[in-house]
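Here the structure comes first, spelled out in structure tokens, and everything after it is commentary.
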Ligand code: NDP
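In our numbering, the protein residues as written are 65 to 554.
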């Protein structure tokens with residue numbers, strides 16, 4: 065059993081947001097239960113670290129194959145707790161499996177011991193660095209991509225040699241339990257990946273439990289609470305928060321492709337995507353044309369068929385508030401409008417000419433709402449894109465100037481002439497700046513996040529001139545300073 069079996073104080077249910085039907089009952093793990101899980105994980109971490117890269121890679125390959133075999137069942141659990149379409153859930157899994165594969169295969173090269181040059185002043189030394197596991201890592205995850213998002217931390221933490229205790233969102237505990245069960249079957253029930261369930265208090269207990277690091281994905285407001293709690297024990301944190309990603313369209317862009325990317329990027333998963341497109345900045349010359357194409361595509365998208373309901377019921381009011389604020393400030397609705405967010409199934413909304421001070425532009429909406437604002441030129445598009453407190457991802461559509469525009473964006477990731485594609489490339493680091501957080505999952509950086517650099521230097525022979533000794537002589541220092549002047553003074 066992977067869900068900790070220490071006595072729980074209470075239980076809670078998860079429900080299908082499409083119907084309200086109860087789909088699972090889970091314990092509310094208190095601090096004692098969380099501490100017990102972390103203690104068990106410490107033993108598993110020692111065993112796991114002892115397997116070495118090859119042993120771990122073999123186990124993770126077995127897990128990967130099991131996830132492929134069980135893909136449809138796991139996807140059904142994701143659907144039941146989020147309400148998203150089945151194929152969206154399978155897409156999540158496909159990407160998560162690809163990341164698991166990359167992390168397991170690349171861990172030896174990225175983290176394994178390697179020699180580094182010592183430089184002329186330390187030529188008598190041999191130096192190596194390796195990246196050692198931290199021990200037990202705590203992962204706190206959100207509900208919008210309940211499998212893909214936490215796997216960005218879990219897969220990389222495991223591949224780096226750590227054990228993991230995972231606290232899924234209270235809305236998607238069943239996904240976390242199913243994920244952990246699938247690994248437990250492969251490691252003979254060892255508590256390598258355990259799940260603790262409950263509400264914010266359970267997450268806070270994980271922060272206080274003595275884990276070596278917390279990898280948090282969720283809202284900026286909660287991230288601040290998590291950091292404050294982690295500060296009590298000086299527990300380091302990796303913080304992946306929300307975004308207000310912009311899509312910039314230049315005059316020479318393929319407008320059909322840009323419109324398609326804006327609508328998919330903004331409305332798939334009902335817009336409940338941290339790297340979803342929330343703002344579009346299009347240059348005047350092609351603005352009318354682009355708005356027409358976006359509107360036509362958005363009208364063809366239907367809530368309940370192409371995407372599911374708001375997974376978190378209270379999100380409907382946030383989306384409604386942003387629409388009302390934008391319209392009251394002078395924005396115009398070209399698709400949907402004031403009545404589109406009256407129920408948990410929010411219909412697509414496209415707004416134009418929205419003042420940049422409106423909450424629809426400044427705050428994360430997390431709904432199927434696109435704000436399309438025209439700008440005189442790309443410079444202004446870049447300025448507005450960068451004016452956000454967030455800085456997670458961005459998209460650029462331009463035939464000639466993509467890389468040049470991308471280089472000017474203050475974000476962690478940029479896609480040129482495609483959307484969200486960076487999340488599907490395991491070798492690329494993923495994360496943001498500003499209110500979007502710090503630290504990186506995925507890629508080499510994502511592996512190193514869950515390690516400590518361990519530097520070792522070994523003296524190969526003693527130098528005739530000792531400068532780090534109380535036997536140091538004035539002549540020795542003169543010789544050393546002379547060498548530095550010669551080598552570094554030019
Ligand atoms: P929340 O911030 O509400 O919750 C995130 C997790 O933190 C949940 O598991 C939650 O538990 C837990 N939690 C809540 N309070 C505390 C606390 N005091 N101490 C420790 N843990 C706590 O985020 P959502 O689940 O609503 O997720 C949506 C947010 O996540 C959006 O802002 C989105 O942009 C962001 N996100 C960012 C991604 C990225 O990689 N940058 C990817 C995906 C989403 P519980 O649910 O039980 O309250």
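A virtual CB, placed ideally from N, CA and C, is assigned to each residue, including glycine.
| Query | Result |
| --- | --- |
| Along the beta strand (DSSP E) that carries residue 304, what are the first and last residues, could you check? | 301 to 304 |
| Sort out for me which residues DSSP pairs residue 189 with in a bridge. | 523 |
| Three or more beta-carbon pairs under 8 Å between the segment 281 to 298 and the segment 129 to 137, yes or no? | no |
| What are the partner residues of residue 197, as DSSP defines its beta bridges? | 515 |
| Does the Cβ of residue 514 lie closer than 7 Å to at least one heavy atom of the ligand NDP? | no |
| Could you tell me which residues DSSP pairs with residue 231 in its beta bridges? | 204 |
| The ligand MG and residue 208: does the residue's C-beta get closer than 7 Å to at least one heavy atom of that ligand? | With respect to small molecules bound, the structure shown includes the ligand NDP and not the ligand MG. |
| List in chain order: all unbroken alpha helix (DSSP H) runs of 4+ residues lying wholly within the segment 217 to 296. | 237 to 250, 264 to 272 and 284 to 295 |
| With a threshold of 7 Å (Cβ to nearest heavy atom), would residue 430 be considered close to the ligand NDP? | yes |
| For residue 232, is the beta carbon positioned less than 7 Å from some heavy atom of the ligand NDP? | yes |
| Are the Cβ atoms of residue 408 and residue 442 separated by less than 8 Å? | no |
| Quick check: what's the CA-CA separation for residue 170 versus residue 458? | 27 Å |
| Counting only runs that start and end within the segment 401 to 427, where is the beta strand (DSSP E) found for 3 or more residues in a row? | 413 to 416 |
| Let me see if you follow: with CB-CB separation under 8 Å, is residue 336 close to chain B or not? | The structure shown contains no chain B, having only a single protein chain. |
| So, do the segment 165 to 185 and the segment 228 to 244 have three or more beta carbon pairs nearer to each other than 8 Å? | no |
| What does the alpha-carbon distance come out to for the pair residue 365 and residue 412? | 7 Å |
| Measure the beta-carbon distance from residue 194 to residue 307 and round it to whole angstroms, keeping in mind my assumption that it falls under 8 Å. | About 34 Å separates the two Cβ atoms, so there is no contact after all. |
| Between residue 390 and the rest of its own chain, which residues show a CB-CB distance below 6 Å, the 5 nearest in sequence each way excluded? | 415, 418, 422 and 424 |
| Less than 8 Å between the C-beta atoms of residue 341 and residue 314, yes or no? | no |
| To the nearest angstrom, how far is it from the Cα of residue 513 to the Cα of residue 163? | 15 Å |
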